[in-house]
Amino acid sequence: VFQNQNLNALICSPMGCVRDEIEVEHFAKNIVNFQKNTGATISIVSSDQPSAKRVLWKGLTHSDFIKTLEDEIDKAKLQQTDLLFQSTLDPPISNERRLDLDSQEDTLTLNISVNRSTNVPVSTPLPYHSPIISSNVETTTRDLNNSQSPASSLNYLTNHILKIT
452 VFQNQNLNAL ICSPMGCVRD EIEVEHFAKN IVNFQKNTGA TISIVSSDQP SAKRVLWKGL
512 THSDFIKTLE DEIDKAKLQQ TDLLFQSTLD PPISNERRLD LDSQEDTLTL NISVNRSTNV
572 PVSTPLPYHS PIISSNVETT TRDLNNSQSP ASSLNYLTNH ILKIT
């Protein structure tokens, strides 16, 4: 359906890791597989909204949860790369063919970067229109006190947007 509709971006949340106790590893593998199969840019959006009623996955802080998610995505990307390389090998393999394969470059481009914005009002829409195409970890601050939103003076939270492109 995603490809039939000519869609090229997916915005999702790891909320199921908390609400439905989905393992972060399982979530990360599905995201990486989806990106590989569709070629879509994927944004994973998570907000640090402390609550006495809710706890994050296995009691982690929000920062630790995001770090765990990034680590699991990196592992899943590495596994995809390993699978891609292994799929090019047909046992038994001759020494000549091994040399040919070693000289070829198999690339699976799945890059991830993190944009951490602070001072974003709770009811402000997330910046869906601005993809991040950086391989570095960036920290940026946006002050939206002058925005048109009536909620701009309410509670502020930290948004983490993980991009897989």
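Last residue of the sequence shown: 616 (this note's numbering), numbering continuous. Think of the CB as a built atom: it goes at the ideal place given N, C-alpha and C, for glycine as much as any other residue. Computed from a predicted model, the values in this text were never measured in an experiment.
What does DSSP give as the partner residues of residue i in its beta bridges?
i, result
"residue 507", "DSSP output for residue 507 lists no bridge partner at all."
By DSSP, does residue i sit in helix, in strand, or in coil?
i, result
"residue 491", "coil"
"residue 458", "coil"
"residue 469", "helix"
"residue 452", "coil"
"residue 571", "Reliability fails at residue 571, whose pLDDT of 41 lies under 50, so the model's placement of it is uncertain and the value that follows must be treated cautiously. Strand at residue 571."
"residue 502", "coil"
"residue 514", "helix"
Measuring CB to CB, does residue i end up less than 7 Å from residue j?
i, j, result
"residue 494", "residue 462", "yes"
"residue 498", "residue 465", "no"
"residue 524", "residue 460", "no"
"residue 516", "residue 507", "yes"
"residue 487", "residue 456", "no"
Give me the residue from the options with the minimum Cα distance to residue i.
i, options, result
"residue 491", "530, 471, 453, 531", "453"
"residue 520", "456, 482, 457, 487", "482"
"residue 513", "489, 468, 487, 485", "468"
"residue 458", "484, 489, 470", "489"
"residue 522", "471, 475, 470", "475"
"residue 471", "533, 518, 509", "509"
Does the beta carbon of residue i sit closer than 7 Å to a beta carbon anywhere in chain B?
i, result
"residue 468", "Looking for chain B here will not work: only one protein chain is present."
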